[in-house]
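Participant: Residues in the sequence shown are numbered from 1 upward in steps of one, following full-length UniProt numbering. Quick reminder that beta carbons are idealized off the backbone N, C-alpha and C, glycines included. If you scroll down you'll find the structure; I have some questions about it.
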Amino acid sequence: MTTETPKADPTAPAVEEPTKRSWLGPTISVAALLAVAVFFGVNTRKGPGSPRIANPDVEGAPRPVEVLFGWSTSTWVVILETFTVITMAVIITLWVVHWRRNPHNPTLLMALVTSLIVWQDPLMNWSPFAVYNPELAHLPEDWPLVSVSPTVEPFVVLGYVMFYLGPYFPAIWILRKLQARRPVDSFVWRHPLISLAAIIFPIGVIVDAALEITLVRTGMYIYSQVPPWASVFTGEPHQFPLIWEVVAVTFVMIPAGVLLYRDDTGKSVAEKLAQRARIFASRPRLGTFVVMFVIINVAYFCYGGLFAIVKATKISTSVACPWPYPEVKIYDPQGFYEENGQVGPYSVGIMSTWMSGQPDGRPDVQLGAKSDRCAPENANG
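Here it is in structure tokens:
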């Protein structure tokens with residue numbers, strides 16, 4: 001008696017082995033998030049805690065400037081911080097859910113990258129004279145890198161992902177609509193990356209102008225010095241370097257969107273660059289992440305570099321008066337506040353020498369040499 005092993009029918013559909021989802025990755029991610037939350041919770045500060053910036057002559061947090069809707073800055077701080085916590089919780093939840101469904105989605109990697117660029121934020125506060133309200137929850141002022149900020153480095157910047165990545169979504173929707181209505185030899189098909197960048201630019205400009213002008217009016221932060229030209233509300237506490245800022249932020253928004261564009265192969269620009277450069281060829285997702293991280297960080301550095309040049313050339317001569325945060329020293333590394341009648345004490349920050357285009361440090365100036373616009377008797381909010 002002979003037995004014959006039955007042959008498999010080649011026409012029969014193959015039965016796929018059920019894939020087992022590993023919980024190791026999500027578990028590590030959740031543990032990391034909890035560790036970060038505990039770290040921030042333990043090190044959270046409110047108000048000026050360093051003699052380097054604290055004004056010893058002022059108790060509490062008086063506010064000489066009326067902010068949006070006539071509400072107190074403390075109220076706005078609660079609103080903004082609550083909004084940040086809620087939105088970040090929603091974003092993290094959505095990120096984890098979508099990662100479980102499609103871990104190969106490059107948009108998830110870009111969301112992570114545009115969140116991680118906050119490590120540069122102290123530098124990006126220093127270069128454009130962005131002075132944050134000390135009432136905001138922040139890291140200790142004397143920590144390395146954190147101490148570069150003119151006053152404090154708040155936690156609300158953790159929401160940058162919404163700001164820098166947000167314009168991509170309406171832009172790619174508009175581009176796809178345009179491509180659907182145009183022949184394949186049209187500009188939007190032949191030059192999709194240029195087209196996407198051209199769409200992101202006006203969206204980014206509008207988003208930034210609307211968001212920042214509003215936030216400055218709430219007292220969350222100010223631009224203590226701006227160039228008198230191409231800026232709005234110059235000389236007021238809510239002055240804003242309009243053209244400078246709205247153009248510079250697109251240095252990050254545009255590459256963030258362009259790197260996510262997928263062609264007919266289904267691969268994003270970032271994935272193709274990683275493949276071409278053979279970065280972590282055996283781990284394509286890691287390679288894509290590295291490409292995104294490097295390019296976006298360089299782009300963010302270019303944003304700060306533009307304002308660093310503006311700072312070094314000392315063309316930001318318009319100062320925000322009156323100084324809205326009396327509990328901290330007036331940030332006046334170039335002496336323009338003092339020249340306009342603002343009495344001290346002053347702080348200059350930790351990068352006020354050659355980094356600011358003045359190797360000998362803050363110049364010796366005379367109180368009110370240019371005007372008495374910021375003098376206590378003339379300042380009113």
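Let me see if you follow: with CB-CB separation under 9 Å, is P241 close to chain B or not?
Facilitator: Absence of chain B from the displayed structure is noted, only one protein chain being present.
Participant: When DSSP builds the beta bridges, which residues end up paired with Q225?
Facilitator: Working through the sequence shown from its first residue, we reach residue 225 at position 225. In DSSP, Q225 forms a bridge with V319.
Participant: Are the Cβ atoms of F155 and F240 separated by less than 9 Å?
Facilitator: The residue given as residue 155 occupies position 155 in the sequence shown. The residue given as residue 240 occupies position 240 in the sequence shown. No, the Cβ-Cβ distance between F155 and F240 is not below 9 Å.
Participant: Where does R52 fall in DSSP's three states?
Facilitator: Start at 1 with the first residue of the sequence shown, and residue 52 comes out as number 52. If DSSP states are grouped into helix, strand and coil, R52 belongs with coil.
Participant: With distances taken from CA atoms, which of M220, G368, E153 is nearest T44?
Facilitator: For the purposes of this step, residue 44 is taken as the residue at position 44 of the sequence shown. Among M220, G368, E153, the Cα nearest to that of T44 belongs to E153.
Participant: Among W71, A312, K267, whose alpha-carbon lies nearest the alpha-carbon of H104?
Facilitator: The sequence position of residue 104 within the sequence shown is 104, counting from 1. That would be K267, whose Cα lies nearest to the Cα of H104.
Participant: Under DSSP, the alpha helix (DSSP H) around A210 begins and ends at which residues?
Facilitator: Stepping through the sequence shown from its first residue, residue 210 is reached at position 210. Its alpha helix (DSSP H) spans residues 192–217.
Participant: Buried or exposed: where does V38 fall if 16 or more other Cβ atoms within 10 Å of its Cβ makes it buried?
Facilitator: Mapped onto the sequence shown, residue 38 falls at position 38. Under this definition V38 is an exposed residue.
Participant: Buried or exposed: F83, going by 16 or more other Cβ atoms within 10 Å of its Cβ?
Facilitator: For this step, residue 83 is matched to residue 83 along the sequence shown. F83 should be labelled exposed.
Participant: If you drop the 5 nearest sequence neighbours on each side, which residues of the same chain put their C-beta closer than 6 Å to that of F289?
Facilitator: Along the sequence shown, read from residue 1 onward, the residue named residue 289 stands at position 289. Within the same chain, F289 has close Cβ partners L109.
Participant: In terms of residue numbering, what span does the beta strand (DSSP E) encompassing Y132 cover?
Facilitator: Mapped onto the sequence shown, residue 132 falls at position 132. It spans 130–132 - the beta strand (DSSP E) in which Y132 sits, taken as one unbroken run.
Participant: Along the chain, which unbroken stretches of the alpha helix (DSSP H) at least 4 residues long are found entirely within the stretch 85–169?
Facilitator: Within the stretch 85–169, the complete alpha helix (DSSP H) runs of at least 4 residues are 106–116, 121–126, 160–165.
Participant: Rounded to the nearest angstrom, what separates F187 and I194 at their Cα positions?
Facilitator: In the sequence shown, residue 187 corresponds to position 187, counting from 1. In the sequence shown, residue 194 corresponds to position 194, counting from 1. Rounded to the nearest angstrom, the two C-alpha atoms are 9 Å apart.
Participant: To the nearest angstrom, how far is it from the Cα of D142 to the Cα of Y132?
Facilitator: On the sequence shown, position 142 is the one that residue 142 refers to. On the sequence shown, position 132 is the one that residue 132 refers to. The alpha-carbon atoms of D142 and Y132 are separated by roughly 15 Å.
Participant: Give the range of the alpha helix (DSSP H) segment to which L306 is assigned.
Facilitator: Your numbering for residue 306 matches position 306 in the sequence shown. Its alpha helix (DSSP H) spans residues 284–312.
Participant: Could you tell me the boundaries of the alpha helix (DSSP H) in which G70 lies?
Facilitator: Indexing the sequence shown from 1 puts residue 70 at position 70. No alpha helix (DSSP H) contains G70, which DSSP labels as neither H nor E.
Participant: Can we count D208 as close to the ligand NAD, meaning its CB is less than 8 Å from some heavy atom?
Facilitator: Of ligands this structure carries none, so the ligand NAD is not represented either.
Participant: Applying the criterion that 16 or more other CB atoms from any shown protein chain within 10 Å of the CB defines a buried residue, is P144 buried or exposed?
Facilitator: By 1-based counting over the sequence shown, the position of residue 144 is 144. It is exposed - the Cβ of P144 has fewer than 16 other Cβ atoms within 10 Å.
Participant: Mark residue 446 as exposed unless 16 or more other C-beta atoms lie within 10 angstroms of its C-beta, in which case mark it buried.
Facilitator: In this structure the chain extends from 1 to 381, so residue 446 is not present and cannot be described.
Participant: If I'm right that P150 touches F169 with Cβ under 8 Å, what's the distance once you round it to whole angstroms?
Facilitator: Residue mapping note: residue 150 aligns to position 150 of the sequence shown, counting from 1. Residue mapping note: residue 169 aligns to position 169 of the sequence shown, counting from 1. Wrong, their Cβ atoms sit about 33 Å apart, outside the cutoff.
Participant: Should S74 go down as buried or exposed, given a rule of 16 or more other Cβ atoms within 10 Å for buried?
Facilitator: By 1-based counting over the sequence shown, the position of residue 74 is 74. Counting Cβ neighbours within 10 Å, S74 comes out exposed, since fewer than 16 surround it.
Participant: How would you call S147, buried or exposed, if buried means at least 16 neighbouring beta carbons within 10 angstroms?
Facilitator: On the sequence shown, position 147 is the one that residue 147 refers to. Buried is the call here.
Participant: Apply the 10 Å Cβ neighbour rule to G361 and answer buried if 16 or more other Cβ atoms are within range, or exposed otherwise.
Facilitator: By 1-based counting over the sequence shown, the position of residue 361 is 361. Exposed is the call here.
Participant: Quickly, what does DSSP pair V232 with across the bridge? List them, please.
Facilitator: By one-based count along the sequence shown, residue 232 stands at place 232. V232 is bridged to F240.
Participant: Give the straight-line distance between the Cα atoms of C321 and T353, rounded to the nearest whole angstrom.
Facilitator: If you number the sequence shown from 1, residue 321 lands on position 321. If you number the sequence shown from 1, residue 353 lands on position 353. One C-alpha to the other measures close to 24 Å.
Participant: One question on the structure: do I53 and K311 come within less than 9 Å of each other, judged by their Cβ atoms?
Facilitator: Walking along the sequence shown from the start, residue 53 turns up at place 53. Walking along the sequence shown from the start, residue 311 turns up at place 311. No, these two residues do not count as a Cβ contact at 9 Å.
Participant: List the DSSP bridge partners of R176.
Facilitator: In the sequence shown, counting from the first residue as 1, residue 176 sits at position 176. Per DSSP, none; premise fails for R176.
Participant: Helix, strand or coil: which one does DSSP assign to I254?
Facilitator: Position 254 of the sequence shown, counting from 1, holds the residue named residue 254. Helix at I254.
Participant: Along the alpha helix (DSSP H) that carries Y337, what are the first and last residues, could you check?
Facilitator: For the purposes of this step, residue 337 is identified with residue 337 of the sequence shown, where counting begins at 1. It spans 336–339 - the alpha helix (DSSP H) in which Y337 sits, taken as one unbroken run.
Participant: Rounded to the nearest angstrom, how far is the Cβ of V58 from that of E327, given a contact under 8 Å?
Facilitator: Numbered from its first residue, the sequence shown carries residue 58 at position 58. Numbered from its first residue, the sequence shown carries residue 327 at position 327. Right, the Cβ-Cβ distance comes to about 5 Å (below 8 Å), so this counts as a contact.
Participant: Determine, using beta carbons only, whether F251 and Q120 come nearer to each other than 9 Å.
Facilitator: Translated into the one-based positions of the sequence shown, residue 251 becomes position 251. Translated into the one-based positions of the sequence shown, residue 120 becomes position 120. Not in contact: F251 and Q120 (Cβ atoms no closer than 9 Å).
Participant: Whose C-beta lies closer than 7 Å to the C-beta of V77 among residues of the same chain, with five residues either side of it excluded?
Facilitator: What you label residue 77 is simply residue 77 of the sequence shown in a count that begins at 1. Hits under 7 Å: N133, E135, L136.
Participant: Can you tell which of I279, R262, A210 has the C-alpha that lies nearest to the C-alpha of E245?
Facilitator: As a position in the sequence shown, residue 245 is number 245, starting the count at 1. Comparing Cα positions, the closest option is A210.
Participant: In this structure, what does DSSP give as the bridge partners for R276?
Facilitator: On the sequence shown, residue 276 is found 276 positions in, with the first residue counted as 1. Paired residue(s): none; R276 is not in a bridge.
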